[in-house]
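> The numbers in UniProt numbering rise by one with no breaks, and the one at position 415 of the sequence shown is 415. Got a structure here, written out as structure tokens. Questions coming.
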Amino acid sequence: MQTSDAAPAADDDRTPSAPGPARLLDRSAVRLREDLAAGALSAREVTEAALAAAQAHADLGAFALLDAEGARTRAAELDAAHPRVAPRAVPGPHTSPAPDDDGAPASLHGLPLAYKDLIDVRGMPTRFGSALLADAPPAAQDDPLALRLRAAGTVTLGKTTVPEFGLDSYSENLVTAPARNPLDPARTAGGSSGGAAAAVAAGILPFAPGSDGGGSIRIPAAACGLVGLKPGRGELPMDEHADTVRNLTVSGPLAHTVEDAALLYDVLLSPEGLPGRVLPDLRRTVETARAGGAVDARRIGVTTASPFASNLEISLARPAVTALTKAAAALDAGGQAVEDLSPYYGEDYHRDFRTVWTAGLLRAPLPEDAEAHVGAVAAHFLRTARAAGRAELDDAAHRLEEWARGVRAQFAAVDVVMTPVLATAPPPVGHFLAMEPEANYEAQCAFTPYTSMVNVLGLPAVAVPVLRDERGLNWSVQLIGRPGTSAPLLALAAHLELLLAG
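And the structure:
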């Protein structure tokens, strides 16, 4: 294995016809999948293009570990299992290759991806972005997420950069290079899926799996101009299913387009025992929306209210407001009923979320002296978590459950709630780390005031790019659905994508 920090600049035009490895990765994930399944491309060709892109853009810090040897070995195995003969007819842009039975390639055959350095991947160490685990041994087996995607035929390039223990909305730690934003490398790529977002936005990977416990998919997606889906609590087979506010984290995709996100989400959602199959219903739902068909979500409630506003000053940058206004106008013109929504969030969210959030560290197998070996923010959170007694945690969780029930009832007045994702532009690398830990935490909450509440609510949400400002920075909106509505939510996102493109 070799370690690297990487990521290239993506062409939003994702043209499928350009020849040669230099342009190969400009194709969408859907088109790459079709070309690989049809025999028009080999897994080796795609893998070599991705490795070359990763090395060429190592300055972006996307990768905590790049396993070129392992990726090449995996690609060779896939090509040997499905020899490249005369290319079969390439399916059209909205048809799926045959399912992975009767000798046909698995549903994501040959597609390269990488995992956050919070996820066990067989043969690779999991360091959690921490010096405390710098000497971690290679994992003996795959995490269920990695196992499912390996069975679907993917090629693993390595591990992507994360903040220490995945705690922060920026991906900087003390052991790897920071994950930088391909739209402006002086700025953060967001977190905690910042390395994954940088790799996708830069064109190294066609898409990537992420995890989201407080915005960790949606924040970097918005920072880097990607689509990022946080499924609802308990939707995915590999995630914890407990319906409680203490269960905050879910898996989900980051991708250039809603259709590419739906492709990866389909495989993550597939039934146990069929990890390589793609469920056709969601693809059809998204394709119908992309073609201008009907969308189930009709009533859209727009709000800039944040549950952090009772404790922190939440100030929206002008482009954040402009993006929200533009998306609302597009949906209104596209046939949705758009209205203002004014939810009441109460006074205690800031305190109770912090208590439940930091308590997650107590589940990690950390030594008693861990505070002496981790970064300042992680040490501060760990002290806070250890100082809070069981009764305090239980009380905070109980209040959050009551809070969530009340807010879900308010959101039920509409089909989808729309908010900004980020209040301000992604700050420069090092901005947060220069602060004292408590000020750092509060600054992160003010930067991302709309994301963590969705994890507490257990609802699905998707970040959708809306506009680029004069600096080339992206501004997105967040669409929040009702329980169990990830499919219609993705359809609405695809509908919005189509409206904005027009």
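All C-beta atoms, glycine included, are put in the ideal place defined by N, C-alpha and C. These figures come from a predicted structure and were not determined experimentally.
(1) Which residue comes first and which comes last in the beta strand (DSSP E) that contains P427?
(2) Are three or more beta carbon pairs between the stretch 456-463 and the stretch 228-237 nearer than 8 Å?
(3) Quick check: what's the CA-CA separation for P483 versus A223?
(4) L174: which of L500, G375, D184, L467 sits nearest, CA to CA?
(5) Based on the DSSP secondary-structure assignment, which residues constitute the bridge partners of N173?
(6) Cα separation between L490 and T419?
(7) Which of the three DSSP states is assigned to V155 in this structure?
(8) Whose C-alpha, out of A38, D142, D67, H373, is nearest the C-alpha of E48?
(9) Using the Cα positions of A372 and A379, report the straight-line distance between them to the nearest angstrom.
(10) Alpha carbon to alpha carbon, what distance is there between A493 and S28?
(11) Can you list, in chain order, the residues of its chain whose CB lies under 6 Å from that of P125, leaving out five sequence neighbours each side?
(12) State yes or no: is the C-beta of R390 within less than 7 Å of the C-beta of D352?
(13) Starting from the Cα of residue 566, find the closest Cα among A487, V377, A177 and give me that residue.
(14) Taking DSSP's pairing of strands, which residues face K116 in a bridge?
(15) If distances are taken between C-alpha atoms only, which option among R127, T485, T322, A305 comes closest to Y345?
(16) Just curious, the beta strand (DSSP E) that M418 is in, first and last residue?
(17) From which residue to which residue does the beta strand (DSSP E) around L499 run?
(18) Considering only DSSP beta bridges, list what P319 is partnered with.
(19) Does the beta-carbon of G153 have 16 or more other beta-carbons within 10 angstroms, so that it is buried, or is it exposed?
(20) Helix, strand or coil: how does DSSP classify I219 here?
(21) In or out: Q444 buried (at least 16 other Cβ within 10 Å) or exposed?
(22) If you scan the stretch 41-87 from start to end, which runs of the alpha helix (DSSP H) of 4 or more residues do you find wholly inside it?
(23) Determine the contact status of F189 and A197, defining contact as a CB-CB distance below 7 Å.
(24) Using 8 Å as the Cβ pair cut-off and three pairs as the minimum, do the stretch 148-162 and the stretch 353-368 touch?
(25) Between P488 and the rest of its own chain, which residues show a CB-CB distance below 6 Å, the 5 nearest in sequence each way excluded?
(26) What is the DSSP secondary structure of P483, reduced to helix, strand or coil?
(27) Going by other Cβ atoms of all chains shown within 10 Å of its Cβ, with 16 needed for buried, is E287 buried or exposed?
(28) Since G252 and G210 should fall inside the 8 Å C-beta cutoff, what is the C-beta to C-beta distance between them, to a whole number of angstroms?
(29) Label P83 either buried or exposed according to how many other C-beta atoms from any shown protein chain fall within 10 Å of its C-beta, with 16 as the threshold for buried.
(30) Just to confirm before moving on: does the CB-CB distance between S169 and S193 stay below 7 Å?
(31) Could you tell me the distance, in whole angstroms, from the CA atom of L41 to the CA atom of L268?
(32) By a C-beta neighbour count over all protein chains shown, 10 Å radius and 16 as the cutoff for buried, is S315 buried or exposed?
(33) Quick one: what does DSSP say V462 is sitting in, helix, strand or coil?
(34) Given a threshold of 16 other Cβ atoms within 10 Å of its Cβ, counted over all protein chains shown, does P367 qualify as buried or as exposed?
(35) To the nearest angstrom, report how far apart H94 and H495 are at their CA atoms.
(36) Where does D340 sit, in a helix, a strand or coil, going by DSSP?
Looking at the coordinates:
(1) For the purposes of this step, residue 427 is taken as residue 427 along the sequence shown, with counting starting at 1. Following the DSSP letters along the chain, one finds P427 in no beta strand (DSSP E), marked with neither H nor E.
(2) When Cβ pairs closer than 8 Å are counted between the two stretches, the stretch 456-463 is seen to touch the stretch 228-237, the count reaching three or more.
(3) For the purposes of this step, residue 483 is taken as residue 483 along the sequence shown, with counting starting at 1. For the purposes of this step, residue 223 is taken as residue 223 along the sequence shown, with counting starting at 1. P483 and A223: Cα-Cα distance of roughly 26 Å.
(4) Within the sequence shown, the letter at position 174 stands for residue 174. Closest by alpha carbon: G375.
(5) As a working mapping, residue 173 is identified with position 173 in the sequence shown. Answer by DSSP bridge pairing: none, since N173 is not bridged.
(6) Your numbering for residue 490 matches position 490 in the sequence shown. Your numbering for residue 419 matches position 419 in the sequence shown. T419 has its alpha-carbon roughly 16 Å from the corresponding atom of L490.
(7) Here residue 155 refers to the residue found at position 155 when the sequence shown is read from its first residue. Under the three-state reduction of DSSP output, V155 falls in the strand class.
(8) Position 48 of the sequence shown, counted from the start, is the residue given in the question as residue 48. The shortest C-alpha separation from E48 is found at D67.
(9) By 1-based counting over the sequence shown, the position of residue 372 is 372. By 1-based counting over the sequence shown, the position of residue 379 is 379. Each residue's alpha carbon lies about 8 Å from the other.
(10) Mapped onto the sequence shown, residue 28 falls at position 28. Mapped onto the sequence shown, residue 493 falls at position 493. Taking the CA atoms as reference points, S28 sits about 17 Å from A493.
(11) Within the sequence shown, numbered from 1, the residue matching residue 125 stands at position 125. If we look at P125 and ignore the five residues flanking it on each side, its Cβ neighbours are A136, P138.
(12) As a working mapping, residue 390 is identified with position 390 in the sequence shown. As a working mapping, residue 352 is identified with position 352 in the sequence shown. Between R390 and D352, the C-beta spacing is not below 7 Å.
(13) Missing from the structure shown is residue 566; the chain here goes from 1 to 502 and no further.
(14) Here residue 116 refers to the residue found at position 116 of the sequence shown. DSSP, once it has assigned bridges, lists T160 as partnering K116.
(15) The count along the sequence shown starts at 1 and reaches residue 345 at position 345. From the listed residues R127, T485, T322, A305, the smallest Cα separation to Y345 is found for A305.
(16) Walking along the sequence shown from the start, residue 418 turns up at place 418. Note, M418: beta strand (DSSP E), 416-420.
(17) Here residue 499 refers to the residue found at position 499 of the sequence shown. No beta strand (DSSP E) holds L499; the alpha helix (DSSP H) holding it covers 486-501.
(18) As a first step, residue 319 is located in the sequence shown; it is residue number 319 there, counting from the start. Paired residue(s): none; P319 is not in a bridge.
(19) Start at 1 with the first residue of the sequence shown, and residue 153 comes out as number 153. Classification for G153: buried.
(20) Taking the sequence shown and counting its residues from 1, one reaches residue 219 at position 219. It is helical.
(21) Your numbering for residue 444 matches position 444 in the sequence shown. The residue is buried, with at least 16 neighbouring Cβ atoms inside 10 Å.
(22) Runs of the alpha helix (DSSP H) lying entirely within the stretch 41-87, each at least 4 residues long, are 43-56, 68-81 in chain order.
(23) Taking the sequence shown and counting its residues from 1, the one referred to as residue 189 is at position 189. Taking the sequence shown and counting its residues from 1, the one referred to as residue 197 is at position 197. It is Ala, not Phe, that sits at residue 189 in the sequence shown. A contact, by the Cβ cut-off of 7 Å.
(24) No, the stretch 148-162 is not in contact with the stretch 353-368.
(25) Position 488 of the sequence shown, counted from the first residue, corresponds to residue 488. Contacts found: D296, A297.
(26) Taking the first residue of the sequence shown as position 1, residue 483 is located at position 483. In the three-state reduction of the DSSP assignment, P483 falls in the coil class.
(27) Taking the sequence shown and counting its residues from 1, one reaches residue 287 at position 287. Under this definition E287 is a buried residue.
(28) For the purposes of this step, residue 252 is taken as the residue at position 252 of the sequence shown. For the purposes of this step, residue 210 is taken as the residue at position 210 of the sequence shown. Correct: roughly 6 Å between the Cβ atoms.
(29) Locating residue 83 in the sequence shown gives position 83, where the first residue counts as 1. Flag for P83 reads exposed.
(30) Residue mapping note: residue 169 aligns to position 169 of the sequence shown, counting from 1. Residue mapping note: residue 193 aligns to position 193 of the sequence shown, counting from 1. The answer is no: Cβ separation not under 7 Å.
(31) Position 41 of the sequence shown, counted from the start, is the residue given in the question as residue 41. Position 268 of the sequence shown, counted from the start, is the residue given in the question as residue 268. So the two alpha carbons sit approximately 24 Å from each other.
(32) For the purposes of this step, residue 315 is identified with residue 315 of the sequence shown, where counting begins at 1. Answer is exposed; the Cβ neighbour count stays below 16.
(33) Here residue 462 corresponds to residue number 462 of the sequence shown, with the count starting at 1. Three-state DSSP puts V462 in a strand.
(34) Locating residue 367 in the sequence shown gives position 367, where the first residue counts as 1. The residue in question, P367, is exposed, as its Cβ has fewer than 16 Cβ neighbours within 10 Å.
(35) In the sequence shown, counting from the first residue as 1, residue 94 sits at position 94. In the sequence shown, counting from the first residue as 1, residue 495 sits at position 495. Note that H94 scores a pLDDT of 37, beneath 50, so its modelled location is shaky and nothing firm can be said.
(36) As a working mapping, residue 340 is identified with position 340 in the sequence shown. Looking at D340 - three-state DSSP - the assignment turns out to be strand.
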